[in-house]
Every structure is written in C-alpha cells, then in structure tokens.
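Trainee: My questions will all concern the structure given below.
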Amino acid sequence: MSTFTKTPGWLDWYAQPSKPQFKLPEGAVDAHCHVFGPGDEFPYAPERKYTPCDASKQQLYALRDHLGFARNVVVQATCHGADNRAMVDALVNSNGKARGVATVRRSVTDEELQAMHDAGVRGVRFNFVKRLVDFTPKDELLEIATRISKLGWHVVIYFEAVDLPELWDFFTALPTTIVVDHMGRPDVTQPVDGPEFELFLKFMREHENVWSKVSCPERLSVSGPPALDGERNAYRDVVPFARRVVEEFPDRVLWGTDWPHPNLKNHMPDDGLLVDFIPHIATTAELQRKLLVDNPMRLYWPEEV
1 MSTFTKTPGW LDWYAQPSKP QFKLPEGAVD AHCHVFGPGD EFPYAPERKY TPCDASKQQL
61 YALRDHLGFA RNVVVQATCH GADNRAMVDA LVNSNGKARG VATVRRSVTD EELQAMHDAG
121 VRGVRFNFVK RLVDFTPKDE LLEIATRISK LGWHVVIYFE AVDLPELWDF FTALPTTIVV
181 DHMGRPDVTQ PVDGPEFELF LKFMREHENV WSKVSCPERL SVSGPPALDG ERNAYRDVVP
241 FARRVVEEFP DRVLWGTDWP HPNLKNHMPD DGLLVDFIPH IATTAELQRK LLVDNPMRLY
301 WPEEV
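According to UniProt numbering, the sequence shown is numbered sequentially starting from 1.
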C-alpha cells in the first residue's frame with residue numbers, strides 16, 4: 001500500500017507507447033524528463049501542490065531505450081520540492097547516461113552543491129508558474145545563480161508568456177546560461193508573429209546566453225490533434241511557434257519528452273507519437289542533429305564535445 005494517494009483525476013503516463021516512425025539521430029538526448037519517487041522510497045514534499053503517480057528511474061530508462069534516445073536530462077519535479085534525492089539517484093544509476101537539473105534553496109551548502117555536481121547535476125530550475133510553486137524572493141534566486149555559476153551550471157526558467165515583461169529585468173541579470181522551458185508557454189491561439197511571441201523572440205535575439213526548449217506541445221496545444229491513436233502529425237497549432245525558434249536559433253534549442261507529463265488535464269500523449277512531432281519543427285537532418293545531439297551535449301556533457 002503506497003504512502004501517497006494521487007491527486008484526484010491525475011492522468012498516469014501512457015503505459016505502452018508506440019515505436020516512433022522518426023528515427024532519432026545517433027546519440028540523441030531527451031533533454032527534459034522527470035522521475036516521481038517512487039513515493040515509498042523518495043517521499044513527495046509536504047509543500048507540494050500535487051501528488052503524482054510513481055514514475056521510477058527504471059521506467060524512464062526503459063522508455064529511453066524504447067524511443068531510441070541515448071541519454072536523458074532529468075529535471076527536478078516540483079512535487080519533490082528541494083529534496084533532490086530521487087533525481088540524483090536516477091543520475092547515479094544511469095551509467096553516465098543522465099545529467100540533472102536541481103531545485104535548491106539559499107541554505108544549500110557548497111559541499112551539497114559539489115556532491116550534486118559529482119552526481120551529474122548541471123543546472124538549477126527556477127519556477128515562476130504560480131499555480132505550481134510558492135514565490136521565491138528574487139534576491140535569493142540571484143544569490144543561488146551566482147553560486148552555481150562557479151560550477152559552470154546554468155539556470156532553467158519556467159514561466160508563462162504573459163509574465164515575461166515583469167520578469168525581463170531579473171532574467172537578464174542572471175550570470176549564467178539561461179534555458180527557457182517550453183518557449184515560455186506561448187498562447188498558440190495568438191499569431192506566431194504577434195506581439196506576445198515576438199517579445200520572446202526579442203528576448204532570445206538580444207541575449208545570446210538564452211536557450212529554449214521547444215518541447216511540450218501537448219501542454220501548449222489548443223486545437224491539437226493529440227498524439228494518440230496513430231496521429232503522427234499531432235499538435236499542428238504548436239508547430240509554427242516551435243519551428244520559428246528552431247530555425248532562428250538552431251544552436252540554442254533543446255527538446256525533451258517531459259515524461260511522465262505531470263499535471264496534464266485532458267489527455268496523456270503516446271510518447272512514440274510525441275517523438276514524431278520532432279521532424280515537423282526541425283525539418284532537416286542538420287537541424288535535428290543540433291536540437292537532439294549537439295546542443296544538449298554541449299550544455300550537459302561538454303567534456304565529451
């Protein structure tokens with residue numbers, strides 16, 4: 001009997017994903033995924049805003065092999081707060097095939113940061129999505145960013161498009177490489193050349209330390225169709241936005257599955273069909289290799305590049 005009860009209505013990850021038709025380039029990296037618990041071994045944080053299903057490191061790495069990825073970047077999930085043990089455990093049991101992104105507080109010691117670095121952590125995540133986390137003071141986040149910059153780590157930022165204007169000055173003060181989760185969650189019902197998305201592109205144009213993940217179409221899509229029932233041309237309303245970022249900033253983009261897809265409300269994608277989204281946004285072999293191999297290797301395994 002598990003210690004934890006899932007949030008009512010929680011959608012579990014798709015248990016038997018199809019095999020992608022798109023053949024990933026050799027050495028491809030799933031640059032955004034998570035592990036949840038298992039809760040009996042790695043308890044969920046008391047302050048969490050949701051309780052997920054369990055999603056273990058063994059299940060993540062089985063999915064990696066099934067889809068054809070070579071490596072993973074495991075991002076600390078908000079349900080674990082700043083207790084990074086589940087994520088670090090996934091890294092140290094990956095045979096060197098995983099790196100990580102942690103969540104830390106101001107109280108973290110230099111010794112703890114070094115131990116995470118030795119385990120494979122290469123970044124910290126700052127979450128500004130108010131429904132997922134409580135607000136952390138910006139002076140604390142800036143202090144953390146300054147400390148982790150000495151280890152060569154980067155900062156991953158998660159925010160929604162409408163909040164970019166008020167966060168702009170803080171983001172541009174960060175002394176590290178910055179990776180934006182999921183293109184800053186654009187409203188894909190707006191024009192791709194409209195003012196909201198144009199501001200995000202301006203943010204990337206004016207700051208060469210800013211990268212973007214072009215992942216999570218299943219979160220951004222309004223009209224779909226979803227990656228289910230054999231649909232290999234899914235989330236068509238997201239394609240123009242992601243393609244625009246990939247083509248304008250080919251050396252600063254990443255892609256990941258977001259497995260096990262926390263907090264999805266209306267459907268759970270087939271991860272095999274989700275991989276088939278990639279050639280719609282990275283339309284040449286060169287762009288695909290940069291997105292899936294060269295860029296994540298440069299950021300997370302620079303010693304091998």
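Ideal Cβ placement from N, Cα and C applies to all residues, glycine included.
Apart from the five residues just before and just after Val-180, which ones in its own chain have a Cβ nearer than 6 Å to its Cβ?
Mentor: So the list reads Ile-157 and Ser-212, once near-sequence residues are dropped.
Trainee: Which of the three DSSP states, helix, strand or coil, is assigned to Arg-289?
Mentor: Three-state result, Arg-289: helix.
Trainee: Around the Cβ of Met-1, are there at least 16 other Cβ atoms within 10 angstroms (buried) or fewer (exposed)?
Mentor: The predicted position of Met-1 is uncertain, since its pLDDT is 45 and thus under 50; a value taken from the coordinates is nonetheless stated next. Counting Cβ neighbours within 10 Å, Met-1 comes out exposed, since fewer than 16 surround it.
Trainee: Of the residues Ile-278, Pro-250, Thr-177 and Pro-25, which one's Cα is nearest the Cα of Glu-218?
Mentor: With distances taken between Cα atoms, Glu-218 lies closest to Ile-278.
Trainee: In chain order, which beta strand (DSSP E) runs of at least 3 residues are fully inside the segment 205-237?
Mentor: Those beta strand (DSSP E) runs which fall completely within the segment 205-237 and span 3+ residues are 210-213.
Trainee: Determine the contact status of Pro-260 and His-34, defining contact as a CB-CB distance below 9 Å.
Mentor: For Pro-260 and His-34, yes; Cβs fall inside 9 Å.
Trainee: Quick one: grab the DSSP three-state call for Tyr-158.
Mentor: It is a strand residue.
Trainee: Run the CB neighbour count on Val-246, radius 10 Å, all protein chains shown included, and call it buried at 16 or more, exposed below.
Mentor: By the neighbour-count rule (16 or more Cβ atoms within 10 Å), Val-246 is buried.
Trainee: Please state whether the Cβ-Cβ distance between Val-210 and Arg-147 is less than 9 Å.
Mentor: Their beta carbons are not under 9 Å apart, which means Val-210 does not touch Arg-147 by this criterion.
Trainee: Relative to the C-alpha of Ala-77, which candidate in Thr-103, Asn-93, Tyr-61 and Leu-174 has its C-alpha closest?
Mentor: Looking at the Cα atoms, Thr-103 is the closest of the given residues.
Trainee: Please list the terminal residues of the continuous alpha helix (DSSP H) segment that includes Val-239.
Mentor: 239-248 is the span of the alpha helix (DSSP H), which, as asked, contains Val-239.
Trainee: Grab the span of the beta strand (DSSP E) containing His-32 for me, first residue to last.
Mentor: From DSSP, the beta strand (DSSP E) with His-32 extends over 29-33.
Trainee: Classify Arg-64 as helix, strand or coil using the three-state DSSP reduction.
Mentor: It is helical.
Trainee: Using the three-state DSSP reduction, which class does Ala-90 fall into: helix, strand or coil?
Mentor: Note: Ala-90 maps to helix in three-state DSSP.
Trainee: Looking at the structure shown, is Ala-55 part of a helix, part of a strand, or coil, going by DSSP?
Mentor: Strand at Ala-55.
Trainee: What first and last residue would you give for the beta strand (DSSP E) that runs through Gly-100?
Mentor: Residues 98-102.
Trainee: Going by DSSP, what residue range makes up the alpha helix (DSSP H) through Arg-298?
Mentor: That run of the alpha helix (DSSP H) goes 295-300.
Trainee: DSSP state of Gly-184, grouped into three classes?
Mentor: In this structure, Gly-184 counts as helix in the three-state DSSP scheme.
Trainee: Straight-line CA distance for Val-129 to Leu-291?
Mentor: Spanning the two alpha carbons is a distance of roughly 25 Å.
Trainee: What are the boundary residues of the beta strand (DSSP E) that includes Val-73?
Mentor: Taken as a continuous stretch (DSSP letters only), the beta strand (DSSP E) holding Val-73 covers 71-75.
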